[in-house]
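In UniProt numbering, the protein residues as written are 1 to 109.
Ideal placement from N, C-alpha and C gives every residue a C-beta, glycine not left out.
Only a predicted model underlies this, so the values are computations on that prediction, with no experimental measurement involved.
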């Protein structure tokens, strides 16, 4: 989930609205046949990021967000679902200010 909402600038009521939408999402996942919320977390801001790049044996470490990034990853959910269409319906419960990226997890088996 990507967003530019400054959490600290939100009122208690606005924060409550965000929490309620996340609860509604979790409830919708639980109620949808074949779907399961596997996990998820909120992430700290991009300023807390550590970027690591490799060039051969050389490791370059940079503090802070990726310079080319226009959005910051604010959190993620891992949802087990029969099809992407199920997830597309479920994410309607999340805040409309979010940009949401949906990707399948690679099966490593």
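Each of 89, 90, 83, 52 was checked against the Cα of residue 105, and the nearest Cα belongs to 83. A straight-line Cα-Cα distance of about 14 Å links residue 26 and residue 17. When DSSP reads this structure, residue 39 sits in a beta bridge with 78. In the DSSP secondary-structure assignment, residue 62 is bridged to 51. A residue is called buried once 16 or more other Cβ atoms fall within 10 Å of its Cβ, and residue 87 is buried on that count. Put simply, the stretch 39-51 touches the stretch 59-78. At least three CB pairs are less than 8 Å apart.
With respect to residue 59, residue 50 sits apart: the two C-beta atoms are not nearer than 8 Å. Taking 8 Å as the cut-off, the Cβ atoms of residue 80 and residue 32 do not count as close. Assignment of residue 73 by DSSP, reduced to helix, strand and coil, places it in the strand class.
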